[in-house]
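See structure below.
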Amino acid sequence: SKAIELDSISIIFCYRGISKNDLQDYRGAISDYSKAIQIEPKNEIAFYNRGISKYNLLDYSGAINDFNKTIEINSKNKEAYYYRGIIKIKNLKQKNSGCLDLSKAGELGLDKAYDEIKKYCQ
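Here is the structure:
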């Protein structure tokens, strides 16, 4: 918080958001990630982490939107594909689309995606 008072650059809000997320203050984390995005509209880290916080709050459509934006900024973010796929399969009953996301995450090198494919996409 003191660093933000001195220099409110985007990454500082991201770091504080990560700390708040770790403390399960998901709403506070979302607020910090949103501030980071206001400062730097193409902040992949902020969109991805805000998606995780929204996922933890069971805001699945909000999380999907943030993971979509993460992928738009960096089409090789394997974790964003992974979490988007999990949400689609487990929470939104979009098995085909979710399995495609898991497959993409696996292709990008995220091995745990293949475990989920075995579990949900066979």
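With our numbering, letter number 49 in the sequence shown gets 302, and the count goes up by one each step, no holes.
Yeah, the Cβ is synthetic: ideal placement off N, Cα and C, and Gly gets one too.
Inclusion of Y334 and A316 in the CB contact set at 7 Å is not warranted, their separation being larger than that value.
The Cβ atoms of A299 and A289 lie closer than 7 Å to each other. Fully enclosed beta strand (DSSP E) runs of no fewer than 3 residues are not present anywhere in the segment 299–336. The way I'd put it, the segment 322–329 doesn't touch the segment 305–312; fewer than three beta-carbon pairs between them come closer than 8 Å. For N274, the number of other beta carbons within 10 angstroms of its own is at least 16, and it is reported as buried. When Y279, I340, G362 are compared, the shortest CA-CA separation from Y373 is found for I340. Between G338 and N302, the CB-CB gap reaches or exceeds 7 Å.
The continuous alpha helix (DSSP H) containing I292 extends over residues 279–292.
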